[in-house]
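Participant: Structure provided below as structure tokens; questions to follow.
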Amino acid sequence: MVRNLLVRGMLAGLVAAVLALVFAWVFGEPELGRAIVLEGAHVGHAAEEAAEPEPFSRAVQSTVGLATAVGVYGVAIGGVFALVFAFAYGRLGALSARATAALIALGAFVTVALVPFLKYPANPPGVGDPDSLRERTVVYFALVAGSVALAAVALYLRRRLAPRYGGWNAALLAVAAFLVAVTAACLLLPAIDEVPAHFPAALLWRFRLASLGTQVTLWAGVGLIFGPLAERVLTSRYAPAPALPA
């Protein structure tokens with residue numbers, strides 16, 4: 045059964061990645077193109093001539109490259125999503141397969157995408173110091189790992205508090221503890237603000253909204269597509285055997 049769920053999770057991730065790719069192409073790609081043009085105009089032609097030629101053209105990066113990256117990412121998170129579902133199903137209360145998948149997708153989006161985005165939002169080309177790239181990468185993934193770990197602690201806390209306070213109250217207390225812990229982690233991590241004065245605020249805002257919308261589309265797609273597929277697997281697995289004729 046886990047193998048069947050894994051295959052369906054990867055399929056759901058791939059389909060969700062296609063939906064996210066369409067969203068990114070429609071809403072994010074124009075803003076990315078404007079940011080690249082603005083960056084080139086600010087750097088100047090002399091720096092462009094001195095720079096080494098890119099191994100792939102902009103057209104290849106925005107089509108084949110983007111589709112490949114999003115597809116591989118979608119298949120990967122779809123497989124991980126299926127494994128998490130296989131572990132969590134039946135442990136989150138009397139939830140159906142679709143409700144469990146939707147809840148896991150919501151939790152994954154909050155911990156993996158939303159929390160890091162609120163502290164370190166996505167930046168288009170022309171924003172950010174290249175010398176601080178390593179530092180920004182380290183603190184970003186540190187926040188992702190910390191958010192996931194705190195979410196796991198919150199789930200454990202909810203299970204421990206449920207017998208005493210009830211399922212609903214225990215869930216509220218666990219969510220509150222998660223929010224407090226995440227807020228503290230965000231305050232402790234260094235703030236990084238490297239937006240140059242010449243960069244248009246409207247362009248930055250639209251790019252960041254498109255980036256967040258792509259993540260919403262991806263995780264919503266995984267949860268909503270995987271739920272029915274998992275339900276079919278579980279229904280066929282636990283369906284009663286037909287009665288033999290007398």
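Heads up, the sequence shown is in my numbering, so the first residue is 45 and it goes up one at a time.
Note that beta-carbon positions come from the ideal geometry of N, C-alpha and C, so glycine has one too.
1. Looking at C-beta atoms only, is the number of pairs between the region 157 to 166 and the region 248 to 261 that lie closer than 8 Å three or more?
2. Here's the rule: buried if 16 or more other CB atoms are within 10 angstroms of the residue's CB, otherwise exposed. What is Val81?
3. Would you call Val46 buried or exposed, if buried means 16 or more other Cβ atoms sit within 10 Å of its Cβ?
4. One question on the structure: do Val192 and Thr155 come within less than 8 Å of each other, judged by their Cβ atoms?
5. Would you mind reading off the limits of the alpha helix (DSSP H) that contains Trp212?
6. Quick check: the region 220 to 236 against the region 181 to 190, are there 3 or more CB pairs under 8 Å?
7. Note down the Cα distance separating Thr261 from Ala157, rounded to an integer number of angstroms.
8. Note the first and the last residue of the continuous alpha helix (DSSP H) segment covering Leu162.
9. Can Leu194 and Ala225 be called in contact, C-beta distance under 8 Å?
10. Out of Leu50, Val277, Glu238, which one is the CA nearest neighbour of Asp173?
11. Where does Asn167 fall in DSSP's three states?
12. Hey, out of Arg78, Leu216, Val59, whose CA is closest to Phe243's CA?
13. Count the other CB atoms within 10 Å of the CB of Phe100; is the residue buried (16 or more) or exposed (fewer)?
14. Which residues bound the alpha helix (DSSP H) around Leu50?
15. Contact between the region 121 to 129 and the region 210 to 222: three or more CB pairs below 8 Å?
16. I want to know whether the region 114 to 126 touches the region 252 to 267 - three or more CB-CB distances under 8 Å.
17. Assuming Gly137 and Gly211 form a contact by the criterion Cβ under 8 Å, report the distance between their Cβ atoms to the nearest whole angstrom.
18. By the three-class DSSP mapping on this structure, what secondary structure does Gly137 have?
19. With H, G and I counted as helix, E and B as strand and the rest as coil, what does DSSP make of Phe129?
20. By Cβ distance below 8 Å, which residues in the same chain neighbour Leu63 in space, the five residues on each side in sequence not counted?
21. Please work out which residues of its chain come closer than 6 Å, Cβ to Cβ, to Gly190, disregarding the five sequence neighbours upstream and downstream, and give them in chain order.
22. Are the Cβ atoms of Gly122 and Leu65 separated by less than 8 Å?
Facilitator: Reading off the structure:
1. yes
2. exposed
3. exposed
4. yes
5. 211 to 232
6. yes
7. 12 Å
8. 159 to 163
9. yes
10. Glu238
11. coil
12. Arg78
13. Its pLDDT being 47, under 50, Phe100 is placed unreliably in this model, and the value from its coordinates should be taken loosely. Exposed.
14. 46 to 67
15. no
16. yes
17. 6 Å
18. coil
19. helix
20. Thr261, Leu262, Gly265
21. Ala229
22. no
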